[in-house]
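Numbering of the sequence shown is given in this note's numbering, commencing with residue 31 and proceeding in unit increments.
For every residue, glycine included, the Cβ atom is placed at its ideal position computed from N, Cα and C.
Down below is the structure, laid out as structure tokens.
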Amino acid sequence: MNIAVLVSLVGTVSCFAPAQTGRAATNLAVSELELGVTEPLGVFDPLGWLETEPEAFERRRAVERKHGRVAMAAVVGTIVHQNHITFDGYLSKSADLKFSDVPVGVDGIRAIPTAGLAQILAFFALVELAWMPASKYDGDYGVGYFGTDIKDPEEKARKLNVEL
């Protein structure tokens with residue numbers, strides 16, 4: 031009888047204890063991450079973020095793609111500027127600054143007027159705030175590959191993997 035009372039008391043006390051909330055972890059198997067998986071190696075995750083923070087994986091992947099695209103555009107811009115290919119006209123009419131007057135390299139940033147730098151930063155902020163969510167695949171605008179729809183799923187997966 032005493033044991034039955036003791037067990038019933040333990041049950042009632044546990045209802046007043048705070049609920050144990052663990053971190054919700056999603057088990058992402060390699061089969062669920064088809065895009066970006068290297069055939070012989072599997073998922074490339076050297077820092078182990080997929081195990082510790084799986085919910086942030088898609089966002090990190092989207093951010094990595096974006097940073098890669100910005101870096102590629104920067105390299106093209108550097109090559110163009112190093113070869114003295116410039117736009118005709120003024121960078122700032124009020125400061126009498128032409129595009130051809132901007133020096134090569136990092137010194138070019140110092141030549142841009144403050145209002146121009148503010149416009150560039152405002153544009154970057156707009157792009158950051160209006161960026162597609164990580165749940166959507168960047169570049170998938172529903173029109174296919176350069177206007178042609180890829181019917182073969184293997185070919186589509188291969189082309190999407192090439193982009194990653």
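Item checked: Cross-strand partners of Gly72 (DSSP beta bridge) -> Along the sequence shown, one-based indexing puts residue 72 at 42. In the DSSP output, where bridge partners are listed per residue, Gly72 has Thr68.
Next item on the list: Tell me where the beta strand (DSSP E) around Ala121 begins and ends.
Entry: On the sequence shown, residue 121 is found 91 positions in, with the first residue counted as 1. Residue identity differs from the one stated: residue 121 is Leu in this sequence, not Ala. Residues Tyr120 to Ser122.
Item checked: Spatial distance of Ala181 from Phe87 (CA atoms) -> Residue mapping note: residue 181 aligns to position 151 of the sequence shown, counting from 1. Residue mapping note: residue 87 aligns to position 57 of the sequence shown, counting from 1. Going by the sequence as given, residue 181 is Lys instead of Ala. Approximately 28 Å, taken between the alpha carbons.
Next item on the list: Kindly indicate the opening and closing residues of the alpha helix (DSSP H) around Thr108.
Entry: Along the sequence shown, read from residue 1 onward, the residue named residue 108 stands at position 78. That run of the alpha helix (DSSP H) goes Phe87 to Gln112.
Note to self: Quick check: the segment 136-156 against the segment 107-124, are at least 3 beta-carbon pairs closer than 8 Å?
What the structure shows: yes
Note to self: Output needed for Ala103: all residues of its chain with C-beta closer than 7 Å, excluding positions within five of it in sequence on either side, in chain order.
What the structure shows: Residue 103 sits at position 73 when you count from the first residue of the sequence shown. If we look at Ala103 and ignore the five residues flanking it on each side, it has no Cβ neighbours.
Item checked: Where the alpha helix (DSSP H) containing Gly146 begins and where it ends -> The residue given as residue 146 occupies position 116 in the sequence shown. Its alpha helix (DSSP H) spans residues Thr144 to Leu159.
Note to self: Measuring CB atoms only, is the segment 74-83 touching the segment 91-101, in the sense that at least three cross pairs come out at less than 8 Å?
What the structure shows: no
Checklist line | 8 Å contact criterion, which His111 and Val134 should meet: CB distance rounded | finding: Within the sequence shown, numbered from 1, the residue matching residue 111 stands at position 81. Within the sequence shown, numbered from 1, the residue matching residue 134 stands at position 104. 6 Å between Cβ atoms; contact.
Margin query: When you compare the CB positions of Leu65 and Ala187, do they come within less than 8 Å of one another, or not?
Written below: As a working note, residue 65 is residue 35 in the sequence shown. As a working note, residue 187 is residue 157 in the sequence shown. Yes, the pair counts as a contact, with Cβ atoms nearer than the cut-off.
Notebook entry, point to check: Hey, out of Leu151, His114 and Thr108, whose CA is closest to Val136's CA?
Noted result: On the sequence shown, residue 136 is found 106 positions in, with the first residue counted as 1. Taking only the C-alpha atoms, the option nearest Val136 is Thr108.
Item checked: Alpha-carbon spacing of Arg95 relative to Val105, whole angstroms -> The count along the sequence shown starts at 1 and reaches residue 95 at position 65. The count along the sequence shown starts at 1 and reaches residue 105 at position 75. Using only the alpha carbons, I get a separation of about 15 Å.
Check: Taking just the CA atoms, how far does Leu159 sit from Phe117?
Finding: For the purposes of this step, residue 117 is taken as the residue at position 87 of the sequence shown. For the purposes of this step, residue 159 is taken as the residue at position 129 of the sequence shown. Near 29 Å, if we compare the C-alpha coordinates of Leu159 and Phe117.
Check: How is Thr82 classed by DSSP in three states: helix, strand or coil?
Finding: Translated into positions along the sequence shown, residue 82 becomes position 52. Helix.
Next item on the list: Classify Lys181 as helix, strand or coil using the three-state DSSP reduction.
Entry: Reading the sequence shown from its first residue, position 151 is the one you call residue 181. In the structure shown, Lys181 sits in coil (DSSP, three-state: anything other than H, G, I, E or B).
Item checked: Where Leu25 sits in the DSSP three-state scheme -> No information on residue 25 is available, as it lies outside the stretch 31 to 194 that the chain covers here.
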